[in-house]
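Engineer: Protein chains in written order, with this note's numbering: chain A, 1 to 283; chain B, 1 to 283; chain C, 1 to 283; chain D, 1 to 283; chain E, 1 to 283; chain F, 1 to 283. Dropping the structure in here first, questions after.
6 protein chains.
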Amino acid sequence: MHAVHPADAMRTRYQEFLKEDIRSGDITSELVIPEDEKARAKIVCKERCVVAGVSDAAEVFKELGAKVTSHVKDGKHTERGETVLEVEGRARDLLAGERLALNLIMRMSGIATQTDLLVHKCQRVNPKVRIAATRKTTPGFREFEKRAVKLGGGDPHRYALDDAILIKDNHIKIAGGIKEALERAKRGSFTKKIEIEVQNRSEAKLAAENGAEIVMLDNFSPEAAKSTASELRKLKPGILIEVSGGITQDNAEEYAAAADIISLGALTHSYRSIDFSMDILKA
Amino acid sequence: MHAVHPADAMRTRYQEFLKEDIRSGDITSELVIPEDEKARAKIVCKERCVVAGVSDAAEVFKELGAKVTSHVKDGKHTERGETVLEVEGRARDLLAGERLALNLIMRMSGIATQTDLLVHKCQRVNPKVRIAATRKTTPGFREFEKRAVKLGGGDPHRYALDDAILIKDNHIKIAGGIKEALERAKRGSFTKKIEIEVQNRSEAKLAAENGAEIVMLDNFSPEAAKSTASELRKLKPGILIEVSGGITQDNAEEYAAAADIISLGALTHSYRSIDFSMDILKA
Amino acid sequence: MHAVHPADAMRTRYQEFLKEDIRSGDITSELVIPEDEKARAKIVCKERCVVAGVSDAAEVFKELGAKVTSHVKDGKHTERGETVLEVEGRARDLLAGERLALNLIMRMSGIATQTDLLVHKCQRVNPKVRIAATRKTTPGFREFEKRAVKLGGGDPHRYALDDAILIKDNHIKIAGGIKEALERAKRGSFTKKIEIEVQNRSEAKLAAENGAEIVMLDNFSPEAAKSTASELRKLKPGILIEVSGGITQDNAEEYAAAADIISLGALTHSYRSIDFSMDILKA
Amino acid sequence: MHAVHPADAMRTRYQEFLKEDIRSGDITSELVIPEDEKARAKIVCKERCVVAGVSDAAEVFKELGAKVTSHVKDGKHTERGETVLEVEGRARDLLAGERLALNLIMRMSGIATQTDLLVHKCQRVNPKVRIAATRKTTPGFREFEKRAVKLGGGDPHRYALDDAILIKDNHIKIAGGIKEALERAKRGSFTKKIEIEVQNRSEAKLAAENGAEIVMLDNFSPEAAKSTASELRKLKPGILIEVSGGITQDNAEEYAAAADIISLGALTHSYRSIDFSMDILKA
Amino acid sequence: MHAVHPADAMRTRYQEFLKEDIRSGDITSELVIPEDEKARAKIVCKERCVVAGVSDAAEVFKELGAKVTSHVKDGKHTERGETVLEVEGRARDLLAGERLALNLIMRMSGIATQTDLLVHKCQRVNPKVRIAATRKTTPGFREFEKRAVKLGGGDPHRYALDDAILIKDNHIKIAGGIKEALERAKRGSFTKKIEIEVQNRSEAKLAAENGAEIVMLDNFSPEAAKSTASELRKLKPGILIEVSGGITQDNAEEYAAAADIISLGALTHSYRSIDFSMDILKA
Amino acid sequence: MHAVHPADAMRTRYQEFLKEDIRSGDITSELVIPEDEKARAKIVCKERCVVAGVSDAAEVFKELGAKVTSHVKDGKHTERGETVLEVEGRARDLLAGERLALNLIMRMSGIATQTDLLVHKCQRVNPKVRIAATRKTTPGFREFEKRAVKLGGGDPHRYALDDAILIKDNHIKIAGGIKEALERAKRGSFTKKIEIEVQNRSEAKLAAENGAEIVMLDNFSPEAAKSTASELRKLKPGILIEVSGGITQDNAEEYAAAADIISLGALTHSYRSIDFSMDILKA
């Protein structure tokens, strides 16, 4: 076991999740299923989607000692009725993993499908635009939700508060202004990028003039975003423009021409799960 | 610290969640906000809902050293614009807790609101019926989602596989039949209830005759559920009837007359978050 | 490693136990035994018993990297002089596991032997009666003691306070009476059984009438237990009767006719260990 | 919290023990006892003993948030009917701690009482003799059992394999003899004592001549122990003599004249618990 | 306790460190010092230095329950004979913290003193130049060593591999060239900076032209560094130049004019500790 | 995994160290190096030394899934240019382990080389003298530093405060004198040695007369050490003499004739790392 591998850090998470579901033991299987009874099972997609979480489900079953065959790679478009995963092992182990495996696939596929839809819409307008998630994720489940966003073609944005400096309205209020806030931020290590959230065009200019490397236009109309972005790029070639706030599946593409990055919280805070099921058979 | 209290077990979870978001440090606040700058903030509801997670948000801020005043109790109907929580402390601490606090309230209020709606619909038909959640929860976040269901007036059902014996279709297939499965289940400790999932009326009868204390009617039409429930109750007075599978916000009340319990996965697998925001001010 | 398996959860416990005994290192073996010296050893039973803990001892040695051959299954009657386990590996590893392996087998065999004796005595009177343990176990060692009870043919009863609702005299005092306590208990999830402890026949009746599924007769004489049990079964067919309090190895069979379950603390709080030893040889 | 204090290391253990008993929650109290109901309780001794574990029980209740008054110090002789501890707090907390508190006091008092008896018997013969425990303790519970031995006036002997070098018969067999084993042991750090187990007088002499600082006479008759001890002390003034193996409550005093230390496993592997109970009252 | 605070994350580390030193208990103090004996102590500087670690030492003693008065702030120049910290509490606690407190102060002051010297030397030449540490730190002690560098006026550089993208010679070899490596790096999230190590001027130019935001000149002579830096800045205004490799306390200032950042491993891999001692008195 | 093995306890440490360096992920390699790209690498010694930490570096790479070939055993004299270790595996894994592996080897070789030098110097004078380390180690890294001392031929002295009783000047002050302190120490378990630190010859005599098994002469001149040692050995044959305080690489051999043990802090508090590098190649 090398818990320092990304794959192994995940193993710890799968075990925590299994522990949450199994707790002190699966008392039903322990009584009803003989200890060494073998079984086979398949996980089947019940509606068209971009599938995500199959590799996680596979790891869950491996964690439980089962043999696993994946039929679809995470990130692929999958049709209703397709088998995405087959597993074989002790019946007790397959039953112990069933619920968690499905919970992972259903949620992650929901997010990947929604992200993919949005990426395609927006990149028709501007092939370089990125669709980014936010930190509005389920507590404890962020790495899975961010990964689902990436599998749908999106940018994960900050995983945590140490990923980059991002000065938001609340910071500015307390620091006493954009200029002062940026001045302080530049005292940090040279290794970190500096982004700042602004509410209007004059703030945006002030930010660009004072060293911001990324400017986040918060709750701008598509038109305001466009003209502001254009002004900033003249002022500071290479500066990055992110639009955020009030962006939905419906209006995102209106921002696509102006922005380098479009970020929206709904990608992770209000997804609908995609339906999958597991069918099990005596081996 | 007494980690054995429900409240303290929660503290560990809040700390894990904060760790996920803060990771090695909030590099922005460390640069931009003076170490001992004080601030006040309020969390405001942006749409009508049954609020849940306010007590969790309060604990998050306490965990960070802030003083907290709650204005609304979890489980209450709350209007747009209401302040649910006020906090006061070091500005850095308030900013460090903001995202997690909102992530908790937004999700839990989404679930509580949806559950409450369903409970009211169904109890108009049968005041004794219970609306129950399933194990289709977000991995690692189950206790919060189950609690939100309870705050919305629902029954949490099994938190984990050790809560009760629940023999599902996959168990029956492998055990070789309902009778055999129940026979084995009864060898367990006398302290545990036995529930079994059935697909049709004759299976339901077989289950009742062989010692099932709760019978789960899976994917029954409302009519089939009604006639089956009535037959079982004659056969075994006191037996409990749960309906599950294919139940939605729309058709749940059609089952309310027949069932003791109506359970549905969508309560926790596809909720929409309720919008809340945090406004911060220099103290 | 899949720590979610019962077997793997145990591995964590064996490691904790080894850690307790080895702490920062076995300084004697590190000096006296060459690093790669191989050895063989056998664990021998020194008195007639129902053996328990052999599978645990085997796991302890596997944990240390040794090869293991079990000669007796847990739960079997074993004679003085029988070898129950053979191990082979690095001499240092066998020596490091010796004390823990013996500590497990000696205690668990002590409990299993005592339980088996009692089960046989009581089932001669009533073949359906169960002998149950209590929560009077050694802190931190409960799962092993409960398992030893099962290996001796007993029922483990509640492993922890979340296994079933059990209303004891102290609860009743505070709740203000049996009826009120049961009323409150019934508000819990439908998935849990309700047991209540009573001090006399009228309390027992009250309990049965108010929804108790199991009634525990505390400190009843055999006669009182018999007449009360008979009255309750008429009142509520299917109700379960547990007798507890003041039951010993000597008087237990007097309760066997009346009770569904006989529970007694001495099974786990005052056992005598069975003697075993380990003999080691250079390989 | 300073987990590095002995007291704080203990706190972790109490929490683990409480966790074992409470697991995911005390579902009975959560339903039957109002959240903020206050109560008082006292723990009463049911038979004459040397009490031990009262300070532990006190810590358990403090861990749960209760106020505690101890009436008896650990290590004191206590009479039947004496109240050893009073607690006051939330009724739920008192009930959650009851079983663990009693499990600790009952076991530890059992050990302390048995040790005290033996110390008195043997010190009547030789006031300098020490009664020592062994490593035959309950896995995971050693520190409590060793402490109970100390409270009864005994010597804890090695807590773990790093406390001192102790060369046993199995080490000697593999090392190829007493002389060779001692030679190797002396290569260790100068900070550690060297003890060796011997089977007869000539081995004992060999051990003393080759640098053993403590010689353990294993399974010697009282007479053989006496003459061997006397010879060794002439040979190496200041050498320590431990007798072990086959020592019981009944024959221990026969060794008291010859030995510096008498060690016996039964102190911790076969104790009888002393009876205590907890009475609770609404506050 | 809020382990999510920087201060609290530190507390965990202090406890681990104390655990390393105290392990199962300070057996000397437990015997020699009465449990509640009070004492006072002061920590005194034995040679001129920039002090660091006083706040850590203070926390160590607080962790042990002592009261603490700091006389000098970390980062200040301190003279021989100055008392930097006074503590008061249980004598056992002061003795338990002594070694760790001194180990922290001695090492951290060593690093801060050496960094401060270098910063002053180089900033006399170029007031904007930064002196940066590397990842050549003691395993498990990096955060303390990096903090000591900051207290001496240096830049910590990357704390870990997730802080920024830094493409080194080994990455370039495997990726197949500077251009290809940078192309791949730019596919990462827009939130991260990209730095690359180069061996000569033409590589440096290639790096700048292909999107590197920081160029690390590895093992350049002062002259080569100067001319390369000047060329890069013309090519890409705002690009950052780091020099590294073969830099010592002696030659660092020769690079100061050319570089934005001078990084050197010796700051943390070969420091000399500064001498401090603790004097204790009965209170 | 058997975490109770010395080797396995180490694995936990390597994982912590890797975690410190990799934290949430090696973002450079994840972008720049294809997931399954294979590579080979060798670690090369850059200056003459006694090498230490090669086995640790090997374990680090194994932990990451690489294959490892060691060319030099820890403790051996190694020349500039020698390859001490070769590794082969996924390029990402080799790069992830590089820094930690080098950090371990560089520091540990520094200590071993310095110790070896001193051992040779002093044993030329007195072949039985031991060079011992102190507890002046880097917090969290002690076991590695102590092991490096052993690899250089030294004695590790106490790893922690539970290894032996060592009464220092601060203990004596508080206890009220050498005699009283030793009296109390002798009440401890018979399994532990008693050492005491003294400031002059009369204290040394007092210590020897009152039961000290090891006397530490603190800050004695070589002459005073010699005459005191000789007097103590006459008084108590077999008593051990340790000199400590003010001992350096330069004056240590002047104490070699008088002492059984020479201990000095600089071995671990002010070492210079030995230079090593890793060269990587596409496989």
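For glycine and all other residues, C-beta sits at the position ideal for the given N, C-alpha and C.
Could you compute how far the alpha carbon of B:M278 sits from the alpha carbon of B:E35?
Structural biologist: 21 Å
Engineer: Alpha carbon to alpha carbon, how far is F:V32 from E:E213?
Structural biologist: 16 Å
Engineer: Near D:G164, which residues of its chain fall below 7 Å by C-beta distance, leaving aside the five closest residues on each side in sequence?
Structural biologist: For the sequence presented, residue 164 of chain D should be read as Ala rather than Gly. Closer than 7 Å at Cβ, skipping near neighbours: R158, K192, K193, E195.
Engineer: Please name the residue in D:G245, D:T12, D:F144 whose C-alpha comes closest to that of D:N200.
Structural biologist: D:G245
Engineer: Once DSSP output is grouped into helix, strand and coil, what is the label at A:S29?
Structural biologist: helix
Engineer: Can you give me the Cβ contacts of E:A91 inside the same chain, cut-off strictly under 6 Å, excluding the 5 residues immediately before and after it?
Structural biologist: The beta carbon of E:A91 is closer than 6 Å to those of I33, E37, A39 in its chain, skipping five residues each way along the sequence.
Engineer: With which residues is E:E242 paired in a DSSP beta bridge?
Structural biologist: E:M216, E:I261
Engineer: Hey, could you find the ends of the alpha helix (DSSP H) F:V149 is sitting in?
Structural biologist: In the DSSP assignment, F:V149 falls within the alpha helix (DSSP H) that extends over 142-151.
Engineer: Could you give the DSSP three-state label for F:H2: helix, strand or coil?
Structural biologist: At F:H2, the pLDDT of 35 sits below 50, so the modelled position is not reliable; the number obtained from the coordinates is stated separately. Three-state result, F:H2: coil.
Engineer: Counting along the chain, where does the beta strand (DSSP E) carrying B:R23 start and finish?
Structural biologist: Here B:R23 belongs to no beta strand (DSSP E), and DSSP marks it neither H nor E.
Engineer: Check the Cβ of A:K193 against every Cβ in chain E and list those closer than 8 Å, keeping chain order.
Structural biologist: T191, K192, K193
Engineer: Is the shortest distance between the beta-carbon of C:A3 and the beta-carbons of chain A less than 8 Å?
Structural biologist: With a pLDDT of 40 at C:A3, under the threshold of 50, the modelled position of that residue is not reliable, and the figure given next carries that caveat. Yes, C:A3 lies at the interface with chain A (some Cβ there is under 8 Å from its Cβ).
Engineer: Quick one, are the C-beta atoms of B:A224 and B:Y255 less than 8 Å apart?
Structural biologist: no
Engineer: Check distances from the C-beta atoms of the segment 24-49 of chain B to those of chain E and list, in chain order, the residues that come in under 7 Å.
Structural biologist: Correct list: S24, G25.
Engineer: Checking contacts by CB at 8 Å: is F:S70 closer than that to chain E?
Structural biologist: Against chain E, the CB of F:S70 has no partner CB under 8 Å away; the residue lies outside that interface.
Engineer: With DSSP collapsed to three states, give me the class of F:V60.
Structural biologist: Reduced to three states, the DSSP call for F:V60 is helix.
Engineer: Taking the beta carbon of B:T115 as the centre, do at least 16 other beta carbons fall within 10 Å, making it buried, or is it exposed?
Structural biologist: buried
Engineer: Answer yes or no: does any C-beta atom of chain A fall closer than 8 Å to that of E:D163?
Structural biologist: yes
Engineer: If we count the other Cβ atoms within 10 Å of its Cβ and call it buried at 16 or more, is E:N170 buried or exposed?
Structural biologist: buried
Engineer: Checking the sheet assignment: what are the DSSP bridge partners for F:I131?
Structural biologist: F:I262
Engineer: Check whether chain B comes within 8 Å of A:S55, counting only Cβ atoms and requiring the distance to be less than that.
Structural biologist: no
Engineer: Check whether the Cβ atoms of C:E108 and C:A58 lie closer than 8 Å to each other.
Structural biologist: Before going further, note that residue 108 of chain C is Met rather than Glu in the sequence given. In this structure, C:A58 does not lie closer than 8 Å to C:M108 by Cβ.
Engineer: Within 8 Å (strictly less), CB to CB, does D:K173 reach chain C?
Structural biologist: yes
Engineer: With DSSP as the reference, please indicate the residues paired to F:A39 in a beta bridge.
Structural biologist: BP columns for F:A39 point to F:G89, F:K282.
Engineer: Going straight from the alpha carbon of F:G81 to that of A:R11, what length do you get?
Structural biologist: Put simply, the backbone Cα of F:G81 is about 40 Å away from that of A:R11.
Engineer: Examine chain E for any beta-carbon lying closer than 8 Å to the beta-carbon of A:I261, and answer yes or no.
Structural biologist: By the rule that beta-carbons nearer than 8 Å mark a contact, A:I261 touches chain E.
Engineer: Threshold first: 4 residues or longer. Then list the alpha helix (DSSP H) segments lying entirely within the segment 155-211 of chain F, N to C.
Structural biologist: 169-175, 178-185, 201-209
Engineer: Note down, in chain order, every chain F residue with its Cβ under 8 Å from the Cβ of E:K282.
Structural biologist: K173, I174
Engineer: Once you ignore the five residues that flank F:E242 on each side, which residues in its own chain have a CB closer than 8 Å to its CB?
Structural biologist: A132, E195, I214, V215, M216, L217, A259, D260, I261, I262, S263
Engineer: Suppose the cutoff is 6 Å on Cβ atoms and the five residues either side in sequence are ignored; what does the same chain contact list for A:A52 look like?
Structural biologist: D74, M108, S109, A112, A148, L151
Engineer: Please report the distance separating the alpha-carbon of F:I167 from that of C:K76.
Structural biologist: 54 Å
Engineer: Roughly how far, in whole angstroms, is the beta-carbon of F:L85 from the beta-carbon of F:V50, given that I think they are within contact range, below 8 Å?
Structural biologist: Not a contact, Cβ separation roughly 16 Å.
Engineer: When the Cα of F:G140 is compared with those of E:K19, E:K282, E:I280, which residue comes out closest?
Structural biologist: E:K19
Engineer: Is the beta carbon of B:S270 less than 8 Å from the beta carbon of B:M106?
Structural biologist: no
Engineer: Among D:R13, D:E79, D:D26, D:Y14, which residue has its Cα nearest to the Cα of C:A160?
Structural biologist: D:D26
Engineer: If you follow the beta strand (DSSP E) that B:K67 is in, where does it begin and where does it stop?
Structural biologist: 67-70
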